[in-house]
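Numbering (the numbering used here), first residue to last: 17 to 308. We put the CB at the ideal spot given by N, CA and C, even for glycine.
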Amino acid sequence: MSNFIVQNFAGSDGAKWFIGVVEDRNDPLQMGRLRVRIHGAHVDDKSLIPTSELPWAMPVMPLTGGGVSGVGSTVDVMIGACVVGFWLDWPDCQMPAIWGTFPQIEGTPGAPGTLHQQGNRINDVIQNGSVGGAGTIVPTGEGPQWLRIARGELAKGVAEWKGSSHNPEVLKYGKDLGFTTDDSEHPWCSAFVRWCLKNAGADVTGITGLAKSSLTAPGLEPITEPVLGCVAVYTRGGYSKSSIYGHVGFWLKREGGIDTIISGNTGDRVAVSTESVNKCCGYRWPRGFPKS
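This is the structure we're talking about:
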């Protein structure tokens, strides 16, 4: 059920804004809506989230428009444009609205208009006054056994079943934590990490159903820089790093201040997603295992 019918005035219900890149402007309803790949919500990989599955974003028109059908200006935003907007239905995140565009920022090599390139350019300009200084780490190789296990679950397409039935492939992750047939729609990112580590022979003592439990688990040691397959813990949404709310997964790479991870309970499935380095609470590595 959408949260579009808010309980209070705008902002008091926790309105969240975003940036994204326009991928489709052919609105079948001819209302000027745009499909936008949103930074932090959708990955760049279109094989995982194709353009056709992105939600339509409603444009916020200027007061010089008539506000009724057929009266006023049209939406001229082009594919590849970087836009800024907010969620009408936070935290469901299925009803985005956009109110403006960022100018094209030159200076980063590669194809223009991708989510990470546009987002990282803006981030660099705002924070550093320049382009290209946010840092990149792109490891090679297969990584440790638990990462290969996680990738296997990703390839299987493990996802929740909505309704009264529950996917046993999801429930297996939390079996040791007391998950029941009614729990597959509860947060399970930490259970996924725990299951992968355990099946690789790592010590999972202290890893509970809370994402941030990995930060204090005795079987995991802190590391200062991420390595392929390490456990990466982030704070959730607009919460502070000291809050109990978070997300956890296995680290894959960093590009321009954005970490890419494999995690459970990302869009109700095992998926590849992105997190800002600024939201990272720490990286951990299973004790007794060589770092790949």
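Element boundaries [beta strand (DSSP E), containing VAL288]:
287-292
Just to confirm, is the Cβ distance from CYS296 to TYR250 under 7 Å?
yes
Determine whether the beta carbon atoms of TRP115 and CYS109 lie at a separation below 7 Å.
no
Range covered by the alpha helix (DSSP H) that runs through ALA73:
Premise fails: ALA73 lies in the beta strand (DSSP E), 72-75, not in any alpha helix (DSSP H).
What is the DSSP secondary structure of TRP211, counted as helix, strand or coil?
helix
Span of the beta strand (DSSP E), counted from its first residue to its last, around GLU169:
No beta strand (DSSP E) contains GLU169, which is instead part of the alpha helix (DSSP H) from 161-172.
Rounded to a whole number of angstroms, what is the C-alpha to C-alpha distance between GLU69 and TRP33?
20 Å
Buried or exposed: where does SER180 fall if 16 or more other Cβ atoms within 10 Å of its Cβ makes it buried?
exposed
Would ARG285 and ALA175 be called neighbours here (beta carbons separated by less than 7 Å)?
Closer than 7 Å, so yes.
If you count every other CB in all the chains shown that lies within 10 Å of the CB of ARG164, and 16 or more means buried, which is it?
exposed
Would you call LEU45 buried or exposed, if buried means 16 or more other Cβ atoms sit within 10 Å of its Cβ?
Exposed, by the Cβ-count rule.
Hey, quick one: how far does the alpha helix (DSSP H) through GLU185 stretch, first residue to last?
184-187
When the Cα atoms are used, what is the spatial distance from GLY10 to MET94?
With the chain covering 17 to 308 only, the question about residue 10 has no answer from this structure.
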